[in-house]
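Engineer: End of the sequence shown sits at 424 in the numbering used here; the numbers just go up one at a time, nothing left out. Got a structure for you, written out below as structure tokens; questions coming shortly.
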Amino acid sequence: MVHASSQKTGAKRAIRNEAGSRVHVGLTNIGNVVGYERAEDGHLEPTEGKLFYRGYELDDLVTPIINERRFGFEEIAYLLLSGNLPDKEDLEAFKELINDNMSLDHKTIVHIIDLEGSNIMNILARSVLEMYTFDPNPDDLSRDNLMRQAVELIARFPTIIAYAYNIYRHSVQGRSLHIRHPRENMSIAENFLYMLKHEDFTELDARMLDLLLIIQAEHGGGNNSTFTVRVTSSSRTDTYSSIAAGIGSLKGPLHGGANIKVINMIHHLKEQIQDWTSVDEIDTYLNRILNKEVYDKTGLIYGIGHAVYTLSDPRAKELKRLAGELAKEKGREKEYEFLRLLEQEGIKCVKAHRNTKKPICANVDFYSGFIYEMIGLPQEIYTPIFAMARIVGWMAHRIEELNMEGRRIIRPAYKNVLDVKEYSSLLDR
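What follows is the structure, encoded as structure tokens:
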């Protein structure tokens, strides 16, 4: 096991330098994640979190979509891929293109059935690799071909995930098998819920899913899965191999699987804490978690803290903004208020436990699992839905990586910390 410290070796395993700034490995025009501002004296000062898509602040993009009660994921996908907000005509044409590509051919459906299993992320990755076989120009790295592949992947991810889960539910839980074809004139969020649940969802369910897709579509080039896509793209491999690698990265519990950690912890807290309004009882139990006495004994309060955001995570703010409305529709206001209190006290307890004055905030995973649960979505597809959103950012970054001037393969180094050894023959060992 390697125990060498970064201060001694100069290695930067984490994403920050000693001064607190992030390690930059490239340039991008796609997304920007802001948790600090640099003061006049050069020090980094915590700030309210901001997330920018192609120069537009997330809140400025989301607010009109919420206020106008419309679906916006396709509009954000267009923005991230092209760099420009679409006009009404462009948006309608893009939506039509997405809808035209959502259906799967018979061979792909049979392939998904043959891959039946409980891990939908693995099925998604293998299905993506299978798409290489049916692509007439899988290795063409021209911008036009990459854009075509992006549209097809964005359109087909919801269908693959919905079909894979329905097949899993049939084979493992003994439920009826339904293969519903996507409908015309439906948004991606609506079509996904229709293919998954038929008509067992409300307009607010679909709008909440649409919002989740928007806020998870992009998060800069440095997050683990997007960086994986950029690294593999820099080798000039095909789109499907690169995206499958990104799926493998996102699957990890320290990345896309984190929301499951949060919702399982919340279920445990709801059982263990008798009075959901008691700050003292909540604090006592949270401190026992931090002291590794209860729950999974990792000492972690999942959903609290972020590697970049300090005062706030803008994605969590957006989710909390509508989660209360959804909780009211579902009759789960008490759970929602309990969650808000857990957020408040979790931040306080973590700061006290670490004995730090540095700001800590709840991250997007703190609320996303609760929202998925209220919509009636099973845990098996929480992380696949993340992939359904992030495929937009992955493809935007892949297209950018392959069209950069002076493009070179990304090749960081690991510093070897092992001493040179003298070889001994097999007889002398």
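For each residue, glycine too, the CB sits at the ideal point set by N, CA and C. Note that this is a predicted model, so its numbers are computed, not measured.
1. Measure the Cβ-Cβ separation of V345 and I296 and say whether it is below 8 Å.
2. Run the CB neighbour count on N286, radius 10 Å, all protein chains shown included, and call it buried at 16 or more, exposed below.
3. Around the C-beta of V224, are 16 or more other C-beta atoms found within 10 angstroms, so that it is buried, or is it exposed?
4. Just the C-alpha distance for E375 and N114, rounded to the nearest angstrom, thanks.
5. When the Cα of K312 is compared with those of V359, H301, T351 and I155, which residue comes out closest?
6. Would you check if there are 3 or more beta carbon pairs closer than 8 Å linking the stretch 220 to 234 to the stretch 320 to 331?
7. What would DSSP say about N219, mapped onto helix, strand or coil?
8. Candidates L321, A347, D278 and D423: which alpha carbon is nearest L200's?
9. For L281, which residues in the same chain have their Cβ closer than 7 Å to its Cβ, ignoring the five residues on either side in sequence?
10. How far does the beta strand (DSSP E) with N31 in it reach, from first residue to last?
11. With H, G and I counted as helix, E and B as strand and the rest as coil, what does DSSP make of T305?
12. Along the beta strand (DSSP E) that carries T42, what are the first and last residues, could you check?
13. Quick one: using the 10 Å Cβ neighbour count with 16 as the cut-off for buried, is T227 buried or exposed?
14. Can you list, in chain order, the residues of its chain with a C-beta nearer than 6 Å to that of H173? Leave out the 5 residues immediately preceding and following it.
15. Helix, strand or coil, according to DSSP, for Y51 in the structure here?
16. Specify the secondary structure class of A212 as computed by DSSP and reduced to three states.
17. Between the Cα of K265 and the Cα atoms of I299, L249 and E330, which residue gives the shortest distance?
18. Using 8 Å as the Cβ pair cut-off and three pairs as the minimum, do the stretch 191 to 209 and the stretch 226 to 244 touch?
19. State the Cα-Cα distance for the pair E338 and N62, rounded to the nearest angstrom.
20. When the Cα atoms are used, what is the spatial distance from R178 to N132?
21. Rounded C-beta distance between N40 and E32? I'm assuming under 8 Å.
22. Taking the beta carbon of Y235 as the centre, do at least 16 other beta carbons fall within 10 Å, making it buried, or is it exposed?
23. Check I183 in the structure and name its three-state DSSP category.
24. Assign D350 to one of two classes, buried (16 or more other C-beta atoms within 10 Å of its C-beta) or exposed (fewer than that).
25. Just to confirm, is the Cβ distance from V303 to V28 under 8 Å?
26. Rounded to whole angstroms, what is the Cα-Cα separation between T103 and R151?
Structural biologist: With the given structure in hand:
1. Yes, these two residues count as a Cβ contact at 8 Å.
2. Result: exposed.
3. Buried: at least 16 other Cβ atoms inside 10 Å.
4. The straight-line gap separating the alpha-carbon atoms of E375 and N114 is approximately 7 Å.
5. Checked all of V359, H301, T351 and I155; the closest Cα to K312 is V359.
6. Judged by Cβ distances under 8 Å, the stretch 220 to 234 makes no contact with the stretch 320 to 331, as fewer than three pairs qualify.
7. It is helical.
8. For clarity, residue 200 is Asp in the given sequence; the question names Leu instead. The shortest C-alpha separation from D200 is found at L321.
9. Short of 7 Å from the beta carbon of L281, and not among the five residues preceding or following it, lie these beta carbons of its own chain, in chain order: I296, E340, G341 and C344.
10. Before going on, a small fix: residue 31 reads as Tyr here, not Asn. Where Y31 is concerned, the enclosing beta strand (DSSP E) stretches over G26 to R33.
11. Judged by DSSP in its simplified three-state form, T305 adopts coil rather than helix or strand.
12. DSSP places T42 in the uninterrupted beta strand (DSSP E) bounded by L39 to Y48.
13. It is buried - the Cβ of T227 has at least 16 other Cβ atoms within 10 Å.
14. N161.
15. Here Y51 sits in strand by DSSP.
16. A212 falls in the coil class under three-state DSSP.
17. Here the closest residue by C-alpha is E330.
18. Verdict: no, contact absent.
19. E338 and N62: Cα-Cα distance of roughly 26 Å.
20. Straight-line spacing of the CA atoms in R178 and N132 works out to 28 Å.
21. According to the sequence shown, residue 40 is Glu rather than Asn. Right, the Cβ-Cβ distance comes to about 5 Å (below 8 Å), so this counts as a contact.
22. Y235 should be labelled buried.
23. Three-state DSSP puts I183 in a helix.
24. It is worth fixing the name first, because residue 350 is Asn in this sequence and not Asp. Burial call: exposed.
25. At a Cβ-Cβ threshold of 8 Å, V303 and V28 count as neighbours.
26. Roughly 11 Å between the two C-alpha positions.
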